[in-house]
Every structure is written in C-alpha cells, then in structure tokens.
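One structure below.
Residue numbers (this note's numbering), protein chains in the order written: chain U, 131 to 450; chain F, 162 to 459; chain L, 203 to 762.
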C-alpha cells in the first residue's frame, strides 16, 4: 500500500536554514515499521534523508523520533498502527534537543544529565572474593530500569524539560534509581541528598508522558516517585516537595478531602523565615481569588464518616 | 440516566464556580446525580506517591459505595478520573491486592467487588448521551468562538488505565464537544501537555512557565478561550495567569472555561448562571461574543 | 583539520573497545576511544543470551569449558588461546558483577546460570535475555567514571602507517565533515564483525567490518575469513535474533510435521548442539520440504508464561512486535541467518596483530578462540577477556615505543578520495543497490551449504560489484552528518571483506565448522587442520596458511 510520510526536515547548510516539511509517497508492506519506510525513502527516493538507526530491533535506542506528535522508536512503530485515515504519517525529530540535520538531534543535554547523577556503582567496604550476595527479589525489580536503552524518548516529551532544561529529566532520574535501588551500592544517602535538591526528583510534575512514551517499560516517573519516598525516609524531608506531600497526606487524613486553604501555609511552613518569600508571593493571587469569591472555605468541614478514613490511614501508616 | 456523583475537592474549594454549573447542566441534560458525600479524596497522585496501597484503599472505598448504589461514578476532574481509573485497573488485574484491600474495607462493612465504572462528565456526554443527542438539546450554537482544548494529563495518560482501545472516542472527546457546540477547534501541540499545577508550590517558576507557554501559544493562534475538563488545570491556567504573564514578560489574556460551563452556554444558560464572573481572567470577550449571538437570534 | 595525540587509541566503543580503554587508562595510558556511534548504540547490546564462565568456587573446571569450546570450534580453535580465555573467565565474570552488572540470581542470592549450546554443564550467566545490553551499559558507566576522551560519531577512514608501524588513524568527524588526524603509539581495533555483508543478518546496520577491512588494507593478516556463523534462530522477515537462551530454557525446534527434527542430527544435545550443526539441520529440513514458509518453528509454549516473561522478556517483545506472535501461545517461525564471523584479524592472546602498533580484540579479531564455529555465550566472554588483555598489552607497547614523525599530509589520500567520490559522474546506481546485491549474493553462494560452483559465482559477483563501486558517486555533497558518504565508505570496506570471504571459502577444500561444502562434506584433518590466512595484494586477496595450536585435545569426531 501507498503511504505518505510528512517529514520535518532541516539542512543546516542550506541558504535559508529553517526547518521545512517534505512529503514522500512510498510503497510499503503491511508489516512495515516507520523505520522500514524511512529506510526505503533513503534507499530509493532521497539519499540525503538523514536519521540514526542501527539494530532495527528496539535494543540500540538510535531511532527515537516523534511520530504523529509523540516520541517513539521508529523500528518498533508499525505503520498501520499510526497512520491516519488518509494513510499519512507525520514524522519529526525529538524535541527538547537541538536539531542537527533532518531527524538527527544533538543529544548532548541527554548525556550530560546522565553523567550528572554519577551513574556507576559505588560499593561500600572491601570487595568480596566472589559475587555480592543479593536475592533475586532485591535485584529483579532493577531489570525493569536496566532495560533503559537511552533512546531519549522520555526526555523528548518531558513537559518540564520543555520549559526548564535544568531539570535532571526522566532518563537520568531513572538511572539514579537503578543505583539507589541496588543493594550493592553504598552511596544511596548521598545520592538521595543530591537528588532532593533543585531540578531533581521534586521537579517532576507527574504528567506520565515519560511512562507513556518509553518503549521499554522503564516507567521513569514511577521510579522518581519511589526515589521521593526513599528520600523522605532517608531524612531529606525539609524541601517544599516533601512538605507538600506530607501536608496533603495529613490534611486528607484529617478531614477526608483536601483543605486547599491550609495547604499553602502547611507546605511552606508558617514559621519558617525562608518561606516568607513564597508565602508573600501567594498574597496577590489570594486577593484576586478573594475578590471573585474563589476562596476555599475557611471552615473546612470533614466528610461524613471521616473516622473511617482516619482509621485507614493509621492502619496503613503503621504497617509501613 | 443516573450517576453516583463524585465532585472532587477543588470544585468545592478553589474553583467553586464549577460545582453549581455542573448541577445546572446535568439537570438540563437529564442526568440524575446522587452525590457521594461520604467519599474521600482520590489522593490526586500525591497520596499514591507516598503509599500507593493507601490510595487504592481509599478509592476502593469510593468504588464500593458506588457499587452499593448500583451506579457508575461520574466525576468532573481529569485528575480524579485518572487516579481512579489507575486504582480500578490495579485492583481488577490483581485479585490478591483486591483481597488485601477488602480486608481493610470489611472493617467498615464495605466490600469492593471489582465492577465499578468511572466516567468523567466529558465521557458521559460523548459516550452515554452521544453527540447527536446532545446537539438536539443545544439551544444556542457558538459558531464565532475559537476554542482551544486542554485535556489535563490524567485523562489522557497513562493509556493502560483509560481504556482507549475499547473506547476510541475518548482520545478526541474534547474536540468533538467543541465542534458539537458549533465552535472552531484551535488545535495545538500543548493540548495534552501539563499545566504545571502539581509543582506550583515546589517550583513555581516552571509551573508558571508552563501556564505562560500554553496560554500564549493559543493566544497567538487566535483562540478566544481554552476549555478544560480539569479544575486543577483551570486553577493554574486561570488564577495564576496574571503572575505567569508577568514572569514571562508578555501580555496574556486568555479566558479559561470549565467544560460544563461551555456546555451550559450552549444549553442556553447565561454566563452569570455558569459562574463565569468568578474567573480571575475575565471572560468578557467570550461573553460579548455569546451576547452577540443571542442578540442576533432574538 | 585538527591533530590529536594519545598513547593508545581504541577504535570502536562496544564491549571489547570499552574494556580495552578501561584497562589502558587504569594502567596509566593516555587512552581515548573513537567510535562512529555513541558507545551504547554499539552492536554488543544485541547479544542476548549470556556469558560463559567456569566458576571454580562452584566446583566447575575451566578445562571442561575449554574442551567444549575446542570441540565447538571443530578443532580449528587455537587451544592455547582457548585455555587463556576459559581460565580467565571466572575472574572476568566476578569483575563484571563487581562493576555492577545485575545478573540473574539463584535462590541463594548467588549468580544464576542457564544451559547453552554445545555445553553439557550450565555455566552461562545472564541478565534476563538482555545480557549484552546490560554489560554494555555497565561498561559505559565505568567509562564515564574514568572520564575517558571519546571521539563520538567519528568514522575512521584509514590507519596511519609509518615505516610498517601503525601510528594512528585518519578520521571523518560526522558532525562537521572535517577530516582529522589522531596520532597514537598504539591502535586497538575493536570494531566488531561484518554481518551486513550478508542479507538478511541479525546484525545492526552499523556492523560493516570497518576495522577488519582497514587492517586488511594496511597489510595485516586476516584469518579464517570463510568461517561465517549462521545463527539457527533468527526471526522470519527482518532476521532479528531470537536468543539461544530460549533453547537453553528448554524450547523445541519443530518442522512442518510437528517433529523435533534435531533427533536425527544430534540425538544427544538435540536443540543445544553447536550452532553450525543446528543451522545445517534446519536448512536441510527446509530444503527437503519440511519447512513452513521457508522457516522452521521454535516452540516455547511449554515453558510457561512466567519463564517467558521474566527470563525471555525481550524476545517475547520482539516476537509480538514484528510477527504478532505471543510466545506463550504459538510457536514462532525462525530460520538460519548470518550472525557472526569467527574469522577476522589474526592476533595472539594479547591482541597483537601482524602489524607492530596495531592490536585487535572482540569480533573483529581472530585469536583464534572460536575456530570454525563459536559457542553461544563465548562471544561476550571473548570481548571482555581479550579487550582487557589488548588494552594492557597496547599500553605496555606504547610505553616502550619511541616517538615517530607523522606528517599531517597523511590525511591527503582520504581527503582526495572523498573529493573523488563526490565529483564522479552521476549515475542511476546507488550504494543501496550494490549493498543489497552483495548481501543477496553472499547469502546465496557462501552461506550454510556451499559448493565450488556457487562460491565461484559468488566471487565473480563481488568482483563485478567492486567494479561498479569504483564508479559510484556520492549524491549528497553536504558536510554535516553526511550519511550517504558514510554508507559509501562502509560499502567499500564490506566489498573488500566479501571478496576475502569468497576467496578463503574457495581455498578450504574440506568441510569444517560453519564452512560446509556439499562437494567436500568430510572433515579432512590430515590435510586441512590449519587456518587459512588472507593478505591484500595487487592481484586481490592472497591465501596462505597457519598451523592450529594443539595443547591438550587431539581432534575427535564431532557429534552431538
């Protein structure tokens, strides 16, 4: 069947080096992947179409690109599953990273962030003569995150990186989890301390983009959530992120639903001089809300049967 | 049609214009609501971060209550929808987990049997009522309006929880409704992106950057307003828009409509009845356009 | 044009390359890596099943592993080299675990094993079915830790030879199209195999034999180039690898009649006979009409969902993605496909080649530990053991050897060649067409079953293709990331290797290991217990021979 590939191209050496769209009509088989089609274009229609690819089997991570607006591995994406009703497919390079040429991006940002989390095992104490002893249970949960092939899809579609490229990002944070979760690594506490700082685990907005686009089921966001929990347990709970989580939890425990009014001061801490800034910053917003009648009620009534909620909290917190 | 109504926290808190609008709209659409007063907060993903099992228990409690009523749960918040869908899927797929959850619910005399269905009003309108039926109830179409959809993360991701394969209409349900009221959809890449609300108190700069980006993007595309089914998104995009604009150093004036408000306007309610006056970013431009339409009709 | 200088330069950043670099740096060398793709994109990550090691702490003996390897090689492997590899395997494995590899564990929390082809003892250590990827990423972590300099996405166009010694490389920087000179006292080639000479192949598109070809062009000895391993279980269609570990966990091979046909060919080891035996068995079944659509079937259903989803999760994903088969519910169609080259640049156990200053390790090298056929899970071992050894040896050499003047004009030949490629007359021919025809020809004439007529036809085809190549122009003239140029240069390398493979195959007048001739089906130890070697000459590849080193094990009849 014939399909139309609408490819966002870019030639840095042209007289007018701006991205432009080019369409290719190409004959494909039913089972073709996006990569198969791109290779066909490259080999039979336009040799200059530039993209990275190698293994064709979703293990090398080279062929990450945006297909119909979302980051995917081209070699793992079937044409028939993504084409629209007119058999058209929009293909663009990954975002959040500068485009070098056509579908090739400069992944320096990606690799730098991986480096930033000190991604090597830091065992404590003398090495044993043979292997470290570790149960399969302790290790098996790491094979998921070990499956990361560094394709960059998560970084491409991360909503935080879109506005702030200081954020460590889902790939680097998932990689950090691989060490924090490894019983042989002795540097967990230091790692968690670093990760709890600005641009670390607390900057994630929990939007699930990385979980959705990861072709390997690494689920970076979920690893970040585990890191958050581990960070709090390790004692790094003074930042606004940790406080926000604690505040939310205790408010819902108390009344069964969220008391937004008290959420703000509880997160920032009323008696903390450092919080003066953020608290003051909320005042204009609060005033505007007050004028329009949008203030949450000062008297926050608990839900009927709230004692059941409190009971559940107490039981499960104790269990943990 | 009757539903167990789960209004969520924000529609009775920071976005109080939403709740009465929903009641009025449902009434006119013939949707009967039985409000779930005893149901707790869903956890919003934050509770789940701390203790996923705890979140599942709280949600299973809500599901069990709905099962008792024999009704599908209807919510009005993308976040509530996503969190509850995820909890439901986990419990349905894992009988051991469900058993553990029920051990705790039993103490209250509740049991979740795994049959609950949870639908946002958006899905109720598109699936249970249907676009054609809805159109019959609209008394006022809004052809001059250009509206940008903004879904809210949790009603579009993660796809494993939201049953898109069996309900393909969900993925562009918001656009379908915008077109149904006669308005023009202003499509933009950010429609399924994050509004920044979850990090508002953690990294305000980034949160507001997201607000500024989405609102200015659609402003540049000529939209009259954004429509969202999530009151948390509404809170960020509306209440924090002035601050976001200041931070970005650009002028932004983008009214944000709750989805029920839009439907209400098409059903013939006035902007005042829909609580549009309560928004931080004044929707006066939208109101004027609607007034013109009404004027010409009359 | 820039000039750089290092003590040791490693070409290729796969397992062997990175291990060599780490060894060189830890011995104090100023070492760097040059690689045409980012290290984690190297084809090492496609290795799935596992890594062999005899752990003495468990009562296993490396002699047994060595014997299995010798037999697997059909007695063409050099036994001293095999002894080195097998005796160092235990320490190698533990070192990898200490670096952080997340191997599967048994119930005692110790490293778990699985069975693999050609071996009667389970000594293959693994990480689900992504062992290569796991090792590659951990080595990359160690490289980050070592802060090694990496010339990333630089393509070596030739070796610098001064007075018969290798003194560095000339390389194309893909991002800018500039040609640079990197001087080095020692160069280690770790560029992998040349599977893309064949079509189909399990190999990624980057596996084009660059290092083997550039060593050949520089005058180095290549050895046993006719030994090309066809992996028995490659997926129908795109030829992607389905790990031997599936059979290690107990999967069956079935023909169209539903029979476990390996009973006829290897009644003892059955599906876990050595790969050449299994590939020939499958091909025979297919040729004799008992195939299904040009394939046979790999049946994993009886292994159960849990085993498949934990230990074979990657191939499960592959089967679902590419042929819509759920391994727990249906058998999957597979057939033999080009996978590995046992042949390569002749080295000793320290990676020393016939050119002073030039070392080689990994698949591009031929020590020889694999002889006529490689056992599964020995390749990962080979890369780490000999990567380390060559890194150390090259460092020691670099410390001893004096300086040498390397004039910048050495880059001129390559600069000129690229200019020529860009300025040739335009034609309808393309690198893609030539590569395809080369691949098809090799897959037809120099594959599982060979004969004189076929191989001669194959050689003729290659020579014709080389002639076409000599007139081929590069249509894309850009400087930034010119993949057309890159693929054309790679094709040049591949054609040289294809020619060497054909000539070597014609020269071996017996069947041994992966080289099976229908017209000479017997193994002839009397006359042919020797390696074939190939050197470049103005008249094409020149054949010679080298003896096989035998220490403990006299050649026996090889049956499974």
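Where is the CB? At the ideal position from N, CA and C, for every residue including glycine.
- Taken in chain order, the members of the region 680-691 of chain L whose beta-carbon sits within less than 9 angstroms of a beta-carbon on chain U are 680, 681, 682, 683, 684, 685, 686 and 689.
- Not one beta carbon of chain U lies nearer than 8 angstroms to the beta carbon of residue 454 of chain F.
- Residue 268 of chain F sits in coil when the DSSP states are folded into three classes, being neither helix nor strand.
- Taking C-beta separations shorter than 7 angstroms and ignoring five residues to either side along the sequence, the partners of residue 394 of chain L in its chain run 214, 216, 245, 409, 564, 565 and 566, following chain order.
- In the structure shown, residue 178 of chain F falls within a coil segment according to DSSP collapsed to helix, strand and coil.
- At least 8 angstroms separates the beta-carbon of residue 340 of chain L from that of residue 368 of chain L.
- Annotated three-state conformation of residue 337 of chain U is coil, per DSSP.
- With respect to chain F, the C-beta atom of residue 307 of chain U has no partner C-beta closer than 8 angstroms.
- Looking at the backbone, the Cα of residue 639 of chain L and that of residue 673 of chain L are separated by about 16 angstroms.
- Distance from the CA of residue 321 of chain U to the CA of residue 304 of chain L, rounded to the nearest whole angstrom, comes to 19 angstroms.
- Between the beta-carbon of residue 544 of chain L and that of residue 716 of chain L there is about 7 angstroms, and that keeps the pair under the 8 angstroms contact cut.
- Residues of chain L whose Cβ lies closer than 7 angstroms to the Cβ of residue 234 of chain U are, in chain order, 683.
- Between residue 372 of chain L and residue 501 of chain L, the alpha-carbon positions lie close to 49 angstroms from each other.
- Taking residue 355 of chain F as the centre and dropping the five residues before and after it, the same chain places the C-beta of 314 and 371 closer than 7 angstroms to its C-beta, in chain order.
- Residue 572 of chain L: not part of any beta strand (DSSP E); DSSP gives it neither H nor E.
- Within the same chain, Cβ atoms closer than 6 angstroms to the Cβ of residue 345 of chain L are found at 220, the five residues on either side in sequence being excluded.
- Out of U/272, U/200 and U/359, the CA that lies nearest to the CA of residue 288 of chain U is found in U/200.
- The C-beta of residue 264 of chain F has fewer than 16 other C-beta atoms within 10 Å across all chains shown, which makes the residue exposed.
- Neighbours of residue 632 of chain L in chain U, taken as residues whose beta carbon is under 8 angstroms from its own, are 173 and 177 in chain order.
- Between the alpha carbons of residue 249 of chain F and residue 258 of chain F lies a gap of roughly 11 angstroms.
- Taking a 10 Å sphere around the C-beta of residue 747 of chain L, we find fewer than 16 other C-beta atoms and assign the residue as exposed.
- Residue 401 of chain F and residue 418 of chain U have their alpha carbons spaced roughly 10 angstroms apart.
- Contact note: residue 342 of chain U reaches chain F through 318, 319 and 320, using a C-beta cutoff of 7 angstroms and chain order.
- For the C-beta of residue 678 of chain L, the chain U residues within less than 8 angstroms are, from N- to C-terminus, 177 and 178.
- Residue 206 of chain U carries a helical assignment under DSSP once its states are collapsed to helix, strand and coil.
- Selection F/274, F/245 and F/216 evaluated against residue 230 of chain F yields F/274 as nearest (Cα-Cα).
- Among the bridge pairs identified by DSSP, residue 356 of chain L is matched with L/375.
- Excluding residues up to 5 positions away in sequence, 138, 140, 195, 196, 229, 232, 233, 234 and 235 lie with their Cβ nearer than 8 angstroms to the Cβ of residue 223 of chain U in the same chain.
- Chain L places no beta carbon closer than 8 angstroms to that of residue 243 of chain U, leaving this residue out of the contacts.
- Across the structure, residue 431 of chain F and residue 373 of chain U are spaced so that their CA atoms are roughly 42 angstroms apart.
- Taking C-beta atoms as the reference points, residue 182 of chain F and residue 234 of chain F fail to come closer than 8 angstroms.
- For residue 395 of chain L, not one C-beta of chain U is nearer than 8 angstroms to its own C-beta.
- Here the region 477-489 of chain L does not lie against the region 150-161 of chain U, with fewer than 3 beta-carbon pairs under 8 angstroms apart.
- If the five residues before and after residue 384 of chain F are omitted, its C-beta is found closer than 6 angstroms to the C-beta atoms of 307, 309 and 347, all from its own chain and listed in chain order.
- For residue 289 of chain U, the secondary structure class from DSSP, reduced to helix, strand or coil, is helix.
- Pairing residue 189 of chain U with residue 758 of chain L gives a Cβ-Cβ distance that is not under 8 angstroms.
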